[in-house]
Amino acid sequence: MTNRKQYLGAGLLLAAMACQDLTVTNPNEPDRERATKQPVSAESFVSTSFRTLWPVIGHGTYPSWAFTTMANEFTSGFADFGQLEPSSEPRSAWNNSPVNARSAVSETPWYGLYRTISSVNDALIAIDGGLVVVDPTRTARTKAVGKFMQGVAHGHLALYFDSAFVADEKLKLDTITKPVFQAYPAVSVAAVAQLDAAIAAANGGPAFTLPGDSWLFQAMTRDQFVQLANSYAARIIAGTPRTRAERAAVNWAQVITRIDAGIKTDFAPVAQPEILWDDWKRLAARLRTGPPSDYGRPSYHVLGLADSTNGFVNYLATPLNSRAAFQIRSKDRRIHALGAPATPGKYVGYNASNIFAISRGSYRFSHYFYKRSGTTDTWTTGPQLAVSVTEMNLLKAEALIRLNRAAEAVPLINLTRVANGELPPVTLSGPPDEAGCVPRKLSGACGSLWDALRYEKRIEMLGNDGITAFLDARGWQGLPENSFVHLP
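Residues in the sequence shown are numbered from 414 upward in steps of one, following the working numbering.
Dropping the structure here:
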């Protein structure tokens, strides 16, 4: 992204210039140097940083709606949030012009992630310079969480963009004349190293706790914080690849190590009105005065694999602009109730309305609405699932299959398949080869264990965030032909 890189270069130089002394000063005007000499101010740079990170890591509108629709996880016929053009078929190249009306798809996460990095770097610079944040415990907490935020932000730069500039507290801005951008694999490695530094800072100092109403918006101990850092590292390592070959080459043994050292309970920050909310879940489940899920709807490319009839097979065989929404009949209770395809299941429900303009393609139509989360005002008042134990289990199952340890993956896949889907368990051969098997291949034949894993990940992650389906699809080579795999 040439223009974006030019803008960032200018921004870095301006930041450096802002630190220089001026002839005329206003003692009431805050600046980084003076603010970070105040312990509580420095701490607040870190304690409030999650609020700028949260919306751009899959819980806001950008880049979530562009990514989820490109991955055929959700579908929408509206132009809001930049999703219409990149999800159109046949695919077209991303318009990288700064005057593109949809430029917020790339600019919002870019600036949001660097805003987070800049904020925590200010505090980390002060701590490296000897600042004590009230006492050793609060200093250790500020440093550990600052490095965590730094790592997660750089990790998402690696997940989203072809290249980025690694900016940590050691960087001397006033020595930079031209920023050096690194390709996404190097940025990903740097991000994981920053998460490891967060773990080391946490384990190397006094034990601390995080409150439930700020910082990460979930109360946790130091050990739980370390577990979360490992889970994010696993996500970043597995999600960075752009191709099937790159995903296959991931250090899957390291992913397993991270997951085993990772979260034991779900990470679900608790929303607070006007402070922290999940706009992604709000729009996924939005119900106003008309049909439910009135902005975007779950895609047949997720749900159709569980269809017991030939509905999805016929759907795929139909020319793109002649496709019609249909009713699924499935054994998966997440889709509909037993023997009642019009009765909502645990995660989605059937609604026969077509809410999108036919001029934008009937292939965008879906008769299913999302109901698992984000309904009424739950997106702004309760826990917002971000990283789940289920996600980690299924990521570990993928790692085990890739390491030729598929027998160990089977029980992990069956955890949600049986409990939530009420489906018969899979074996090494996949789902039982019987009428109505779930999932089916695109040909209609019963799927394999690998198919079952991917289906389980897709339906369990449905509505959780707006980016994971895209990261998985590109690494599994499941994006429609000519889809872009990252933002330039």
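Just so you know, even glycine gets a beta-carbon here, dropped at the ideal spot from N, CA and C.
Counting only runs of 4+ residues, the alpha helix (DSSP H) found wholly inside the stretch 756-830 occupies 802-815, in chain order. Taking a cut-off of 8 Å on C-beta distances, the stretch 734-745 does not touch the stretch 882-891, as fewer than three cross pairs fall below it. The continuous stretches of alpha helix (DSSP H) do not include tryptophan 507, and DSSP gives it neither H nor E. Residue pairing by DSSP places proline 711 opposite Phe487 in a beta bridge. Asparagine 664 is classed as exposed because its beta carbon has fewer than 16 other beta carbons within 10 Å across all chains shown.
When rounded, the separation of the alpha-carbon atoms in alanine 580 and tyrosine 524 is 13 Å. The straight-line gap separating the alpha-carbon atoms of glycine 843 and arginine 746 is approximately 19 Å. Each of Ala684, Gly834 and Arg695 was checked against the Cα of glycine 625, and the nearest Cα belongs to Ala684. The C-beta distance from alanine 571 to alanine 882 rounds to 18 Å, too long to fall under 8 Å, and the pair is not in contact. Per the DSSP secondary-structure output, glutamine 685 pairs in a beta bridge with Leu689.
Annotation: arginine 635 to alanine 642 spans about 11 Å, alpha carbon to alpha carbon. Secondary structure of proline 754 (DSSP, three-state): strand. Each residue's CA atom was taken as its position, placing glycine 543 and glutamine 451 some 12 Å apart. Beta bridge pairing from DSSP links methionine 874 with no other residue.
With contacts defined as CB atoms closer than 7 Å, alanine 770 and glycine 490 qualify as a contacting pair. Secondary structure at phenylalanine 725: helix, using DSSP grouped into helix, strand and coil. If you ignore the 5 residues before and after threonine 622, its C-beta comes within less than 6 Å of the C-beta of Thr634, all in its own chain and listed in chain order. Annotation: arginine 742 is outside any alpha helix (DSSP H) and is labelled neither H nor E by DSSP. Contact between the stretch 741-756 and the stretch 824-839 is present, with at least three C-beta pairs closer than 8 Å. When the five nearest sequence neighbours on each side are left out, the beta carbons in the same chain lying within less than 7 Å of the beta carbon of proline 845 are those of Pro837, in order along the chain. Beta-bridge analysis with DSSP links glutamine 451 to no other residue. For the alpha helix (DSSP H) assignment, the uninterrupted runs of no fewer than 4 residues enclosed by the stretch 612-675 are, from N- to C-terminal side, 635-652, 657-661 and 665-673.
By the Cβ-count criterion, proline 654 is buried, with 16 or more other Cβ atoms from all chains shown falling within 10 Å of its own Cβ.
Only residues of its own chain outside the window of five on either side were considered, and among them Val823 have a CB closer than 7 Å to the CB of threonine 840, listed in chain order.
Per DSSP, reduced to three states, the secondary structure at leucine 855 is coil, with no helix or strand assignment. When secondary structure is reduced to three states using DSSP, serine 842 falls in the coil class, being assigned neither helix nor strand. Under the DSSP definition of a beta bridge, serine 576 partners with Ala596. Residue pairing by DSSP places histidine 749 opposite Pro757 in a beta bridge.
The beta carbon of proline 686 sits closer than 8 Å to those of Thr793 and Thr794, all from its chain and outside the five residues before and after it, given in chain order.
Counted as a single uninterrupted DSSP element, the stretch harbouring aspartate 548 is not any alpha helix (DSSP H), since DSSP gives it neither H nor E. By the C-beta criterion, the stretch 498-506 is judged not to be in contact with the stretch 525-533, since fewer than 3 inter-stretch pairs fall below 8 Å.
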